[in-house]
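Peer 1: Respectively, the protein sequence lines represent chains E and W. Going by the numbering used here, the first residue of the first sequence is number 1, and it counts up by one from there. Going by the numbering used here, the first residue of the second sequence is number 1001, and it counts up by one from there. Cβ coordinates follow ideal geometry from the N, Cα and C atoms, glycine included. What you are looking at is a predicted structure, and each value in this text was computed from that prediction instead of being measured. Have a look at the structure that comes next, please.
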Amino acid sequence: MSYTIPIGPYHPALEEPCKVQVICEGETVQDVSLFVKYNFRGIEWLAERRNYHQAITLVERVCGICSNVHTLTFCNAIESLAGLTVPVRAQYIRTIMVELERLTSHTLWAGIAGEVMGFQTLFMKCFALREPLMDLLETISGSRIHYGTNCIGGVTRDLTDPEAARTTIRRVRQTVTDQLIPLFTTDKTVHARCSGIGKMTKEQALAWGAVGPNARASGLTEDIRRTSPYAAYAKIEFKVPVETSGDVFARVVVRLLEMVESCRIVEQALDQMSPGPINGPNFVEVPIGEAVARSEAPRGELFYYVSSDGTDTPCRVKIRTPSFVNLPTVRLMMLQANLADVPLINASIDPCYSCTSR
Amino acid sequence: MDIEEIRERLGNMEAWVNKSEAWWLETPSLDVEKMARLMVETSARLVTVTASRAREDEFRVIYHWDLQGRLLNFVTITNQATLPSITSICPAADWIEREIHDYFAVNFAGRELPTLVLSDQDPPGIFSWNFQWKGKEGGHA
Chain E
1 MSYTIPIGPY HPALEEPCKV QVICEGETVQ DVSLFVKYNF RGIEWLAERR
51 NYHQAITLVE RVCGICSNVH TLTFCNAIES LAGLTVPVRA QYIRTIMVEL
101 ERLTSHTLWA GIAGEVMGFQ TLFMKCFALR EPLMDLLETI SGSRIHYGTN
151 CIGGVTRDLT DPEAARTTIR RVRQTVTDQL IPLFTTDKTV HARCSGIGKM
201 TKEQALAWGA VGPNARASGL TEDIRRTSPY AAYAKIEFKV PVETSGDVFA
251 RVVVRLLEMV ESCRIVEQAL DQMSPGPING PNFVEVPIGE AVARSEAPRG
301 ELFYYVSSDG TDTPCRVKIR TPSFVNLPTV RLMMLQANLA DVPLINASID
351 PCYSCTSR
Chain W
1001 MDIEEIRERL GNMEAWVNKS EAWWLETPSL DVEKMARLMV ETSARLVTVT
1051 ASRAREDEFR VIYHWDLQGR LLNFVTITNQ ATLPSITSIC PAADWIEREI
1101 HDYFAVNFAG RELPTLVLSD QDPPGIFSWN FQWKGKEGGH A
């Protein structure tokens, strides 16, 4: 006999609203329905009623965790439309900011994963590691979230203390390689909870349009920083970690290795950047036309479409967040899973419901 | 398969246009199901679909695909605010079509379209021409 269990809309695995409705036979999941209609704010509609500069502040509010990559991608689309070239130093600062944001996002996710596994020490470890990263972002931008550093044609603030950034990144890299990676990859509890559950094949990932670490944990190799470089990524060396088993454990490993690569990217950017201007003209005329921009957000490919009628207000702003395409794949991962694994499988894709509903 | 072969197999006479580091093909009478089958055959990934107002009763719809890192954009126009659904060909289109239906009331023929981001009682088309917000007391137009 089958029965239906509604999980959510509050706390389906993390403190954001989403309802996962599970149909079980015994303790085995037979079907899953997802409901994400609890966070809709009409941000695309609102962006079409504000000028380009106001819209930057607005799109930064799509997400509290990856706010910086939203403004970066939006600015990239506008700069592409307006034919603007971003100064080299600003490109490096943008790269540093999005990688620091990736590190805070991945440490947040790793902490939550630890908590969902029932491994509180891991949770505390990850959140302790996240704190100096948040402090560094505050030092650079003046804010722990919603950094307000991207503007059309560059960045609003210079990076004045590269040595502080180097020190923090060195410490973070050491903690990730010496403590987090061994803890996550060799601990029996983590293996028992994560290995072999929530599987998604490479074919499924492609058919459902999965992106980011979730897709790369299933054997897809695409990383927008590599395939369509933006900011300073074309000048920086980094690896794109890929796993093939497609289970929760593979998603853990990909994100941990990405944290090491993010540290490498920040270190290279700090070494390579030289003094220079950080932004362009204050007032930019956006001609009639349309443009798209993509970037690799912490959860995967972020896509913006912007069209202009030549006024100071965009005609259309389309935002496709990575969680929007990753969330439907949760159903595939949960089919035939044990009911007790449902919260962990859900958390393993690092969903952002705020991004999804916008 | 290169992008010229894709264009030829779609029977499209317009040339690809390269702008903002992406390739664009404007085809008002695009056979979207044929396009979707062709793109799935080439192992392309559906990035998303963008809808916007074309004129009062029709919408401009852009299918964005990633083909080995290249972004291909197929632009078409709805016919009586309707296009065929491609969800049965490409499951990634499921939520995308439902969201566009929520925003613009574009109908994707051949499938059910339950609300995605709106509540069950909300009418679709909150971004479209005719939608008027009357406040909490008055409800939707």
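#1: Find the residues of chain C that neighbour T1115 (chain W), judging by a C-beta separation of less than 8 Å, and give them in chain order.
#2: Which runs of the beta strand (DSSP E) fall wholly inside the region 83–171 of chain E and span at least 3 residues, in chain order?
#3: If you run the structure through DSSP and keep just helix, strand and coil, what is V36 (chain E)?
#4: Quick check on F391 (chain E): buried or exposed, where buried means 16 or more other Cβ atoms within 10 Å of its Cβ?
#5: Going straight from the alpha carbon of L257 (chain E) to that of Q268 (chain E), what length do you get?
#6: Pull the bridge partners of V306 (chain E) from the DSSP assignment, please.
#7: So the beta strand (DSSP E) Y1103 (chain W) belongs to, where does it begin and stop?
#8: Please list, in chain order, all residues of the same chain as S1128 (chain W) whose beta carbon is under 6 Å from its beta carbon, the five residues on each side excluded.
#9: For L332 (chain E), collect the residues of the same chain with a Cβ closer than 8 Å to its Cβ; drop the 5 residues on either side in sequence, then sort them by chain order.
#10: If the cut is a Cβ gap below 7 Å, which residues of chain W does T227 (chain E) touch?
#11: What does F283 (chain E) touch in chain W if you count any residue whose Cβ is under 8 Å from its own?
#12: Does any residue of chain E bring its CB to less than 7 Å from the CB of P1124 (chain W)?
#13: Pick helix, strand or coil for C18 (chain E), following the three-state DSSP scheme.
#14: How is R255 (chain E) classed by DSSP in three states: helix, strand or coil?
#15: Reducing DSSP to helix, strand and coil, say where V242 (chain E) ends up.
#16: Start and end of the alpha helix (DSSP H) containing A1036 (chain W)?
#17: Give the DSSP bridge partners of V1017 (chain W), in chain order.
#18: Quick one: what does DSSP say A207 (chain E) is sitting in, helix, strand or coil?
#19: The region 318–334 of chain E: which residues have C-beta closer than 7 Å to a C-beta of chain W, in chain order?
#20: Please decide whether D1002 (chain W) counts as near chain E, where near means a Cβ-Cβ distance under 7 Å.
#21: How long is the line joining the alpha carbons of K19 (chain E) and N346 (chain E), rounded to whole angstroms?
#22: Listed in chain order, which residues of the region 302–319 of chain E have Cβ atoms closer than 8 Å to some Cβ of chain W?
#23: In angstroms, rounded to a whole number, what distance separates the CA positions of T1027 (chain W) and L1083 (chain W)?
#24: Can you give me the C-alpha to C-alpha distance between E16 (chain E) and E1014 (chain W), rounded to a whole angstrom?
#25: Count the other CB atoms within 10 Å of the CB of T1087 (chain W); is the residue buried (16 or more) or exposed (fewer)?
#26: Taking DSSP's pairing of strands, which residues face L81 (chain E) in a bridge?
#27: Do three or more CB pairs link the region 168–181 of chain E to the region 1054–1062 of chain W at distances below 8 Å?
#28: CA-CA distance, E79 (chain E) and G280 (chain E)?
#29: When the cut-off is 7 Å and only beta carbons count, does L206 (chain E) lie next to chain W?
#30: When you measure from the CB of A128 (chain E) to every non-hydrogen atom of the ligand SAM, does any distance come out below 6 Å?
#31: N150 (chain E) and N68 (chain E) look like a contact to me (Cβ under 8 Å); what is the Cβ gap, rounded to whole Å?
#32: Taking the alpha-carbon of D1102 (chain W) as reference, which of W:Q1068, W:S1052, W:V1040 and W:W1065 has the nearest alpha-carbon?
#33: Closest to P314 (chain E) by CA distance: which of E:H53, E:I5 and E:E27 is it?
#34: Taking Cβ to Cβ, would you say V1117 (chain W) is nearer than 7 Å to K37 (chain E)?
#35: DSSP three-state label for E301 (chain E), please.
#36: Does DSSP put T1087 (chain W) in a helix, in a strand, or in coil?
Peer 2: Concretely, from the data shown:
#1: The displayed structure is made up of protein chains E and W, and chain C is not among them.
#2: If only uninterrupted beta strand (DSSP E) runs of at least 3 residues are considered, none is enclosed by the region 83–171 of chain E.
#3: Start at 1 with the first residue of the first sequence, and residue 36 (chain E) comes out as number 36. Of the three classes helix, strand and coil, the one that applies to V36 (chain E) here is coil, per DSSP.
#4: With chain E covering only 1 through 358, there is no way to say anything about residue 391 (chain E).
#5: As a working mapping, residue 257 (chain E) is identified with position 257 in the first sequence. As a working mapping, residue 268 (chain E) is identified with position 268 in the first sequence. Between the C-alpha atoms of L257 (chain E) and Q268 (chain E) there is a straight-line separation of about 17 Å.
#6: For the purposes of this step, residue 306 (chain E) is taken as the residue at position 306 of the first sequence. Per DSSP, E:A291 and E:V317.
#7: Along the second sequence, read from residue 1 onward, the residue named residue 1103 (chain W) stands at position 103. Not the beta strand (DSSP E): Y1103 (chain W) falls in the alpha helix (DSSP H), residues A1093 to F1104.
#8: The residue you call residue 1128 (chain W) lines up with position 128 of the second sequence. Its chain contains F1104 and A1105 as the residues whose beta carbon lies nearer than 6 Å to that of S1128 (chain W), once the 5 sequence neighbours on both sides are disregarded; these appear in chain order.
#9: For the purposes of this step, residue 332 (chain E) is taken as residue 332 along the first sequence, with counting starting at 1. A distance below 8 Å between beta-carbons, with the five flanking residues on each side excluded, links L332 (chain E) to the following residues of its chain, in chain order: M200, Q204 and W208.
#10: Residue mapping note: residue 227 (chain E) aligns to position 227 of the first sequence, counting from 1. Correct list: G1069.
#11: In the first sequence, the residue the question calls residue 283 (chain E) occupies position 283. Close partners of F283 (chain E) in chain W (Cβ separation under 8 Å) are lacking, with about 21 Å as the shortest Cβ gap.
#12: Within the second sequence, the letter at position 124 stands for residue 1124 (chain W). For P1124 (chain W), the answer is no, since every Cβ of chain E falls outside 7 Å of its Cβ.
#13: As a first step, residue 18 (chain E) must be located in the first sequence, where it is residue number 18. It is coil, neither helix nor strand.
#14: By 1-based counting over the first sequence, the position of residue 255 (chain E) is 255. In the structure shown, R255 (chain E) sits in a helix (DSSP, three-state: H, G or I).
#15: Mapped onto the first sequence, residue 242 (chain E) falls at position 242. V242 (chain E) carries a coil assignment under DSSP once its states are collapsed to helix, strand and coil.
#16: Mapped onto the second sequence, residue 1036 (chain W) falls at position 36. V1032 to E1041 is the span of the alpha helix (DSSP H), which, as asked, contains A1036 (chain W).
#17: Here residue 1017 (chain W) refers to the residue found at position 17 when the second sequence is read from its first residue. Answer by DSSP bridge pairing, in chain order: W:W1024.
#18: Translated into positions along the first sequence, residue 207 (chain E) becomes position 207. Helix, per DSSP.
#19: The residues in question are K318, R320, F324, V325 and P328.
#20: Position 2 of the second sequence, counted from the first residue, corresponds to residue 1002 (chain W). False, the Cβ-Cβ gap to chain E never drops below 7 Å.
#21: Counted from its first residue, the first sequence places residue 19 (chain E) at position 19. Counted from its first residue, the first sequence places residue 346 (chain E) at position 346. Taking the straight line from one Cα to the other gives about 11 Å.
#22: Going along the region 302–319 of chain E in chain order, one finds F303, Y305, S307, C315, R316 and K318 with a Cβ nearer than 8 Å to chain W.
#23: Here residue 1027 (chain W) is taken as the residue at index 27 of the second sequence, counted from 1. Here residue 1083 (chain W) is taken as the residue at index 83 of the second sequence, counted from 1. Computed Cα separation, rounded: 13 Å.
#24: Indexing the first sequence from 1 puts residue 16 (chain E) at position 16. Indexing the second sequence from 1 puts residue 1014 (chain W) at position 14. Straight-line spacing of the CA atoms in E16 (chain E) and E1014 (chain W) works out to 46 Å.
#25: Sequence index remark: in the second sequence, residue 1087 (chain W) carries index 87 (1-based). By the 10 Å Cβ count, T1087 (chain W) comes out buried.
#26: The residue you call residue 81 (chain E) lines up with position 81 of the first sequence. Beta-bridge pairing by DSSP links L81 (chain E) to no other residue.
#27: Using a Cβ-Cβ distance cut-off of 8 Å, the region 168–181 of chain E and the region 1054–1062 of chain W are not in contact, since fewer than three pairs of beta carbons, one from each stretch, lie closer than that value.
#28: The count along the first sequence starts at 1 and reaches residue 79 (chain E) at position 79. The count along the first sequence starts at 1 and reaches residue 280 (chain E) at position 280. Taking the straight line joining both Cα atoms gives about 11 Å.
#29: As a working mapping, residue 206 (chain E) is identified with position 206 in the first sequence. For L206 (chain E), the answer is yes, since a Cβ of chain W falls inside 7 Å of its Cβ.
#30: Inclusion of the ligand SAM in the displayed structure is not the case, the ligand content being empty and no account of it being possible.
#31: On the first sequence, residue 150 (chain E) is found 150 positions in, with the first residue counted as 1. On the first sequence, residue 68 (chain E) is found 68 positions in, with the first residue counted as 1. Your pair N150 (chain E) and N68 (chain E) checks out as a contact, with CB atoms roughly 7 Å apart and the cut at 8 Å.
#32: Counting from 1 along the second sequence, the entry for residue 1102 (chain W) is found at position 102. Taking only the C-alpha atoms, the option nearest D1102 (chain W) is W:S1052.
#33: Sequence index remark: in the first sequence, residue 314 (chain E) carries index 314 (1-based). The shortest C-alpha separation from P314 (chain E) is found at E:H53.
#34: Taking the first residue of the second sequence as position 1, residue 1117 (chain W) is located at position 117. Taking the first residue of the first sequence as position 1, residue 37 (chain E) is located at position 37. Going by beta carbons, V1117 (chain W) and K37 (chain E) fall inside the 7 Å limit.
#35: Within the first sequence, the letter at position 301 stands for residue 301 (chain E). Here E301 (chain E) sits in strand by DSSP.
#36: Your numbering for residue 1087 (chain W) matches position 87 in the second sequence. Per DSSP, reduced to three states, the secondary structure at T1087 (chain W) is coil, with no helix or strand assignment.
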